[in-house]
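A quick write-up on the structure given underneath.
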Amino acid sequence: MDVRHILIDAVRTALTDLGIDPVPDVVQLERPANPDHGDWSTNVALASAKTAGQNPRELGTALADHLSTTPPPHVVGVEVAGPGFVNFRLADSWLHEVLADVVVAGADGWGRHDHGVGVKVIVEFVSANPTGPLHAGHGRGACYGDSVARLYERCGYQVAREFYINDRGIQMQNFAASLAARAGGREVADDGYHGQYIVDWAAEMPIDADPLEWGYARALAAHQSVLESLSIHFDTWFSERSMMASGAIDQTLADLQVAGSVYEEDGAVWLRSSEHGDDKDRVLIKGDGEPTYLMPDVAYHRDKFGRADLLVNVFGADHHGYVARMHAAMALLGHDPGDLEIAITQLVSLQRDGQEVRLSKRTGEMVELAEVVDEVGADAARFTYLLLSVDSPQTFDLDLVASQVNENPVFYVQYAHARIHSIVRRAEEAGNRRGSLVDADLSLLVHPRELEILRALHELPDAVERACRERAPHQVTTWVREMASSFHGFYHDCRVLGDGIDPATTTARLWLVEGARIGLAVALDLLGVSAPTEMWRDPADGEN
RNA sequence: GCCCCUGUAGCUCAGCGGAUAGAGCAUCGGCCUCCGGAGCCGUGUGCACAGGUUCGAGUCCUGUCAGGGGCGCCA
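Counting from 502, one number per residue, gives the positions in the first sequence under this note's numbering.
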């Protein structure tokens, strides 16, 4: 049982005994940054002083006194501090119980939640046009979207990953025309695609191939290949064309007409999106009878709502203007716009040799995502993309991320995991086994380094829950870096094996090491980064 | 002009309305008879500015300034 439940129950009982009515619905507990303030602290006296009609400091004092008379399990001290905080000092036994919980739960269970059980969520991400390879900027949305999906899965949701393919429209025609031009040895038109990949792909293209269909297949294959290399697997590749064939687009338009959500003007059909927070109304059907990009996308989201309860979209910052109209469209179709969460990833810029690499759609100058993965490796690419909040613009330094030096946090974390396995291997060679958990004396874990690991393990479930709720996988990255730091510190100060180590201590520490392994494995899996059991420095990669 | 994101240490960035704001890198200085040194320890005048809400604001609200992105019957 989480010690927080014990403390909260005790606080509520104490408040009742003190005649506080009503007892507040929520009793907040937090871990103070300052160790002098104990292991856990509640602000309940500050929060409820007003309704209780009491001075917060006096209420806190009364609460602390009352709790001190019959302290809850693990509690060895209760004090009032500052303006009225009630601070709990706990015996280390509460952390030893955490370790037992971690070991019993294992990597499959620790940090798993069930609040999403029964809820279907579709995470749509990447969704790049099939007119060229994915570039380095797409990598951020790809790794982010996949990690968000993993977080939802960890919280019990039923998750599907979807890639929406704009396989129809003028861009496809421009792409095909560009391929055809290069294949015929001609320059591409000004509004065509100018990248080097067009030249390369045109050279691959059979002479009798339909440039549009061949190019479409080629681009899709490129997308799938690089995404697979990053361990990103989509459940559904949803074709825009399929909705033309199925009538889904016509049906969506008909629904909107019945609801009075569209009108005709200047020969076009408009969506009344301004009635639901958009800056202005948007065209669905152009004057020439062709649908805009928005029309099939609305139909697509209508389709998704037929298959899921919650939709999560990942857009690049250059599409943020699209958010209001999509929410409006969903409202006009009778859905709750709050059930469509749209995450925006800020831009990625690239550096190589400290110089910014300019990306230009105009000239086709780009760094392909496949190049990034090839240069730095899948693990380093994923970890780096998930290092920062997606609200912050990111500078991705290819040389730095590729380098196997200590500036690179992914190796630091993976090394911690590899070290654990090294210890376990050595222990087995020496005939040391953990044995059964019930036979281990975890109370021998008293070193600050040991307790630090246990506190970190206790925080993991909260970090996972919050990362999911805020769709912020970088919080897992932050957690795992801290966990790795705690483990390296422990490794340095506390020997697990050796002649001078008491066998019971070795056993307890082997269980601690197992707990750390579980935590690292859970977090790395959420990030989609491998947890190697050994890793060796490339001797060619510099001396440190 | 309107919309979104950002402004925290020399640099890159974390930071859930709580008490004395953290990490990595960089700088300088320590630690290898020891489970892998891709490691550990020490070294820090910092929340853009001005109001407001609150017992309490880096965090929430308003405004200003600065940087990035977006504002099409393109996708």
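We put the CB at the ideal spot given by N, CA and C, even for glycine.
Because the structure is a prediction, the values reported are computed rather than measured.
Backbone secondary structure at residue i - three-state DSSP
{"i": "Val-587", "result": "strand"}
{"i": "Asp-898", "result": "strand"}
{"i": "Gln-659", "result": "strand"}
{"i": "Gly-539", "result": "coil"}
{"i": "Tyr-992", "result": "helix"}
{"i": "Ile-843", "result": "strand"}
{"i": "Leu-785", "result": "strand"}
{"i": "Val-579", "result": "strand"}
{"i": "Pro-626", "result": "A quick correction: the sequence has Phe, not Pro, at residue 626. Reduced to three states, the DSSP call for Phe-626 is coil."}
{"i": "Ser-762", "result": "coil"}
{"i": "Tyr-645", "result": "helix"}
{"i": "Ser-944", "result": "helix"}
{"i": "Phe-664", "result": "strand"}
{"i": "Gln-531", "result": "The sequence given here places Glu at residue 531; Gln does not occur at that position. Correct three-state label for Glu-531: strand."}
{"i": "Gly-1043", "result": "Any answer about Gly-1043 is weak, because its pLDDT of 42 lies below 50 and its placement is not dependable; what the coordinates show is given next. Reduced to three states, the DSSP call for Gly-1043 is coil."}
{"i": "Trp-980", "result": "helix"}
{"i": "Trp-595", "result": "helix"}
{"i": "Glu-866", "result": "strand"}
{"i": "Pro-557", "result": "helix"}
{"i": "Thr-571", "result": "coil"}
{"i": "Pro-792", "result": "strand"}
Opening and closing residue of the beta strand (DSSP E) in which residue i lies
{"i": "Leu-635", "result": "Note, Leu-635: premise wrong, no beta strand (DSSP E); not H, not E."}
{"i": "Asn-814", "result": "811-817"}
{"i": "Gln-856", "result": "856-858"}
{"i": "Trp-771", "result": "769-772"}
{"i": "Asp-851", "result": "The amino acid at residue 851 is misidentified as Asp; the sequence shows Leu. Start and end: 849-853."}
Limits of the unbroken alpha helix (DSSP H) element including residue i
{"i": "Gln-915", "result": "910-930"}
{"i": "Gln-697", "result": "697-705"}
{"i": "Thr-1006", "result": "1004-1028"}
{"i": "Tyr-801", "result": "795-806"}
{"i": "Ser-726", "result": "712-730"}
{"i": "Glu-741", "result": "741-747"}
{"i": "Trp-1037", "result": "Here Trp-1037 belongs to no alpha helix (DSSP H), and DSSP marks it neither H nor E."}
{"i": "Asp-692", "result": "That residue, Asp-692, is in no alpha helix (DSSP H); it is neither H nor E in DSSP."}
{"i": "Leu-833", "result": "824-833"}
{"i": "Ala-678", "result": "671-684"}
{"i": "Phe-884", "result": "879-886"}
{"i": "Glu-776", "result": "Where Glu-776 is concerned, there is no enclosing alpha helix (DSSP H), given that its DSSP letter is neither H nor E."}
{"i": "Leu-962", "result": "In the sequence on display, residue 962 carries Pro and not Leu. Run containing Pro-962: 949-970, per the alpha helix (DSSP H) assignment."}
{"i": "Leu-519", "result": "No alpha helix (DSSP H) contains Leu-519, which DSSP labels as neither H nor E."}
Expected contact under 8 Å - CB spacing of residue i and residue j to nearest Å
{"i": "Trp-611", "j": "Gly-1020", "result": "7 Å"}
{"i": "Val-813", "j": "Arg-972", "result": "7 Å"}
{"i": "Pro-574", "j": "Ile-507", "result": "6 Å"}
{"i": "Val-481", "j": "Val-911", "result": "Because the chain in this structure spans residues 502 to 1045, residue 481 falls outside the shown range and cannot be described."}
{"i": "Ala-637", "j": "Leu-851", "result": "5 Å"}
{"i": "Val-618", "j": "Ala-650", "result": "Contact flag wrong, Cβ pair sits at about 16 Å."}
{"i": "Leu-811", "j": "His-724", "result": "About 25 Å; that fails the 8 Å criterion."}
Nearest-angstrom Cα separation, counted from residue j out to residue i
{"i": "Ser-923", "j": "Glu-1015", "result": "12 Å"}
{"i": "Arg-719", "j": "Trp-702", "result": "8 Å"}
{"i": "Tyr-665", "j": "Asp-840", "result": "19 Å"}
{"i": "Tyr-992", "j": "Thr-1007", "result": "13 Å"}
{"i": "Asp-1101", "j": "Thr-514", "result": "As displayed, the chain neither begins before 502 nor continues past 1045, which places residue 1101 out of reach and without an answer."}
{"i": "Tyr-1050", "j": "Glu-765", "result": "The structure shown has nothing for residue 1050, since the chain only spans 502 to 1045."}
{"i": "Gly-585", "j": "Thr-517", "result": "18 Å"}
{"i": "Ile-1002", "j": "Ala-1009", "result": "11 Å"}
{"i": "Arg-970", "j": "Arg-655", "result": "12 Å"}
{"i": "Thr-856", "j": "Ala-643", "result": "In the sequence on display, residue 856 carries Gln and not Thr. When rounded, the distance between both Cα atoms is 25 Å."}
{"i": "Thr-552", "j": "Gly-520", "result": "12 Å"}
{"i": "Leu-795", "j": "Arg-613", "result": "38 Å"}
{"i": "Val-874", "j": "Asn-909", "result": "15 Å"}
{"i": "Ala-830", "j": "Phe-806", "result": "12 Å"}
{"i": "Arg-590", "j": "His-948", "result": "17 Å"}
{"i": "Gly-633", "j": "Gln-976", "result": "32 Å"}
{"i": "Leu-946", "j": "Pro-631", "result": "56 Å"}
Contact set for residue i: own chain, Cβ-Cβ below 7 Å, skip 5 residues either direction
{"i": "Val-700", "result": "Arg-683"}
{"i": "Ala-760", "result": "Leu-833"}
{"i": "Pro-525", "result": "Val-545, Ala-548, Ser-549"}
{"i": "Val-599", "result": "Leu-955, Leu-958, His-959"}
{"i": "Asp-593", "result": "Val-947, Leu-952"}
Close beta carbons around residue i, own chain, < 8 Å, minus the five adjacent residues each side
{"i": "Val-763", "result": "Leu-754, Leu-757, Val-770, Trp-771, Leu-772, Arg-773, Leu-785"}
{"i": "Gln-529", "result": "Thr-543, Asn-544, Val-545, Ala-548"}
{"i": "Asp-767", "result": "Gly-788"}
Beta-carbon contacts of residue i that lie in its chain and below 6 Å, excluding the five residues immediately before and after
{"i": "Ile-845", "result": "Phe-816, Ala-818, His-821"}
{"i": "Glu-876", "result": "Leu-899, Ala-903"}
Proximity test, residue i beta-carbon vs the ligand HEM heavy atom, cut-off 7 Å
{"i": "Tyr-992", "result": "The ligand content of the structure shown is nil, which means the ligand HEM is not present either."}
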